[in-house]
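Residue numbers for the sequence shown follow the UniProt record's numbering, beginning at 1 and rising by one. Backbone N, C-alpha and C define an ideal beta-carbon position, used for all residues, glycine too.
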Amino acid sequence: MASSTSAAAAAAAVSLSLRLRSPYLNPIKFSQFGFPCSKSLQLVLPCLALDASVTSVSTKGEMEKENKLWGGRFEEGVHESVERFTESVSFEAEELWVHDIRGSIAHANMLAAQGLITEGDRDLIIEGLSKIKIKIETGEFVWRKDREDVHMNIEAALTDMIGEPAKKLHTARSRNDQVVTDIRLWCRDAIDRILIRIKQLQAQLVLLALRNDGLIVPGYTHLQRAQPVLLQHLLLSYVEQLERDAGRLINCQERLNFSPLGACALAGTGHPIDRLMTSQELAFTAPLRNSIDAVSDRDFLLELLSANSITAVHLSRIGEEWVLWASEEFGFIIPSDSVSTGSSIMPQKKNPDPMELVRGKSARVIGDLISLLVLCKGLPSAYNRDLQEDKGPLFDSVKAIIGMLEVTTVFAANITFNSERIRSSLPAGYLDATTLADYLVKKGMPFRTSHEVVGRAVALCIAKKCQLSDLSLDDLWGINSIFEKDVYDFLGVENAVNKFTSYGSTGSCEVQKQLQFWSSKLRHHQS
């Protein structure tokens, strides 16, 4: 009885499997939303037949692949899905290969110097790596996903090329120290590329300031008109922020420039290697002291992505300001056609899209930092495969920040400040009110009292629909008798700007000093 029941159950299962799999036997189809499709919906929605025959066992065809370089203890091949999921060559090879070859050459030189391989083997290895380098540069090299990553692709290709000597290259080295060596070299070069773009943007902003000598613009707090400032002063504020961004990157570069090569998997090696030699050949400051720390920590990436995020925030703020100023409501900036785009439906539109995308991509750069922070937060000591995922945020962050810097530089070179519109906007907002309060302080009045007196003067202007400079002495005496004729030397935006004399202020003399400093500092980057 039990046997017949089991047979019936098995037959039912086979029947169900056939009905679910066969397109001819009433397959159950599901929409992308997970609900069964009606016949009418099946005509218009992408539907899938439920296949009950999926298996997790690798097929013979999947197993008939090249043996892994690490495959000695394994009896089965890697499942195709696992191979696809775990490979990294598709996104890292283009970025890391040159550093991987450079690190391998340094390692081969050290192994030969220490007598761990012969000089003949070293020469064959270096010659082979040089040929692989040429093949990659010319596009002849075939990157194979079944070889997992950039390191195994190059090593396997080298083995195919020169045979047994290639198998000695990995002596006293693990992919754990190999990959982090590559990444540190890559980051060092990436920081240099970013720094160049920062200096170019700074130089362009200084040139823009020099072209707009003496132009006064409204200064805003809370996006409300506050005090008059020289446009040059505002542009130089961007330059100062970018200088700190550069400083953070330089500091990051100094801290990451230590060699992990020779740390091996986590514990170092018993071979008589010379880590100082490879460190010097790769232009690192010194070898990292602790082998576990060397292979496992990615704080240098967090620092780089943090620096990129702060830079992105600064660029986003510039973008926000320029997008606002390019609007009809402000009209302070006129972008050239070369840095503007149009609308597919509204023929009149001229949009400052590059700076909108600078603003938008800042979110992406910040997101890369958050991704890496979350990736690292739960990892135990030494290397974990999770760290393979550090490269996506790293490469994306650097690519994005370089693009943001480049397009902001181009945008800055192709905008005109609408001086007529700016000057016509200056009377609104009582921008000289604080200067008037300072005038009263110079007359001996406590600042808090002067603040209240000027507030009453502004209220009178609002009632009379005039500017502070339009008030007569009688009007002012009606508020407080302390006013004298020299009050008019403090009223009006030009007079107000000229009254600023403190170090770093928006006064003409101070701004000229700032311009001279930056022009001298950035002269090699100005075109």
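Contact check, residue i vs residue j, beta carbons under 8 Å
| i | j | result |
| --- | --- | --- |
| Leu301 | Leu394 | yes |
| Tyr383 | Asn176 | yes |
| Ile482 | Lys443 | yes |
| Phe490 | Thr435 | yes |
| Leu185 | Leu282 | yes |
| Val453 | Leu440 | yes |
| Asp100 | His151 | yes |
| Leu315 | Val497 | no |
| Asp368 | Asp386 | no |
| Leu249 | Leu288 | no |
| Tyr488 | Cys461 | no |
| Phe258 | Thr285 | yes |
| Thr409 | Leu210 | no |
| Trp143 | Val78 | no |
| Arg193 | Gly331 | no |
| Val239 | Trp518 | yes |
| Gly103 | Thr181 | yes |
| Gly319 | Met355 | yes |
| residue 530 | Asp274 | Nothing in the structure corresponds to residue 530, since the chain is present only between 1 and 527. |
| Leu304 | Ile191 | yes |
Alpha helix (DSSP H) segment containing residue i, residue limits
| i | result |
| --- | --- |
| Thr435 | Ala433 to Lys442 |
| Val493 | Val493 to Asn498 |
| Ser505 | No alpha helix (DSSP H) contains Ser505, which DSSP labels as neither H nor E. |
| Asp293 | Ser291 to Ser296 |
| Phe300 | Asp299 to Trp325 |
| Ser472 | Careful: Ser472 lies outside any alpha helix (DSSP H) and carries neither H nor E. |
| Asn153 | Val150 to Ile162 |
Which of helix, strand or coil DSSP assigns to residue i
| i | result |
| --- | --- |
| Asn414 | coil |
| Leu230 | strand |
| Arg225 | strand |
| Gly214 | coil |
| Gly103 | helix |
| Ser259 | strand |
| Thr171 | coil |
| Pro427 | coil |
| Pro446 | coil |
| Thr269 | coil |
| Tyr220 | strand |
| Leu384 | Residue 384 is actually Asn in this sequence, not Leu. The answer is coil: DSSP assigns Asn384 none of H, G, I, E or B. |
| Thr118 | coil |
| Asn351 | strand |
| Thr285 | coil |
| Val54 | At Val54 the pLDDT is 39, less than 50, meaning the model places this residue with poor confidence; the figure from the coordinates comes in the next sentence. Coil. |
| Thr409 | helix |
| Thr59 | Here Thr59 scores only 36 on pLDDT, less than 50, and its place in the model is too uncertain to base an answer on. |
The beta strand (DSSP E) enclosing residue i, as first and last residue numbers
| i | result |
| --- | --- |
| Pro335 | Ile333 to Pro335 |
Practice problem: Decide if the segment 281–300 is in contact with the segment 308–324; the criterion is three or more beta carbon pairs, one per stretch, under 8 Å apart. | Solution: Between the segment 281–300 and the segment 308–324, the count of Cβ pairs shorter than 8 Å is below three; the stretches do not touch.
Quiz item: Does the segment 197–211 come close enough to the segment 225–244 to have 3 or more Cβ pairs within less than 8 Å?
Solution: Yes, the segment 197–211 is in contact with the segment 225–244.
Quiz prompt | Three-pair Cβ contact test at 8 Å for the segment 180–197 versus the segment 121–134 | solution = The answer is no - the segment 121–134 does not touch the segment 180–197, with fewer than three Cβ pairs under 8 Å.
Quiz item: Does the count of Cβ pairs from the segment 410–417 and the segment 339–359 closer than 8 Å reach three?
Solution: Yes, they touch.
Self-check item: Touching by the beta-carbon criterion (3+ pairs, under 8 Å), the segment 370–389 and the segment 151–169
Solution: In this structure the segment 370–389 does not touch the segment 151–169; the number of beta carbon pairs closer than 8 Å is below three.
Quiz prompt | Stretch-stretch touch, CB-based, cutoff 8 Å, three pairs: the segment 105–112 with the segment 134–154 | solution = As far as the Cβ criterion goes, the segment 105–112 does not touch the segment 134–154, which means the pair count is below three.
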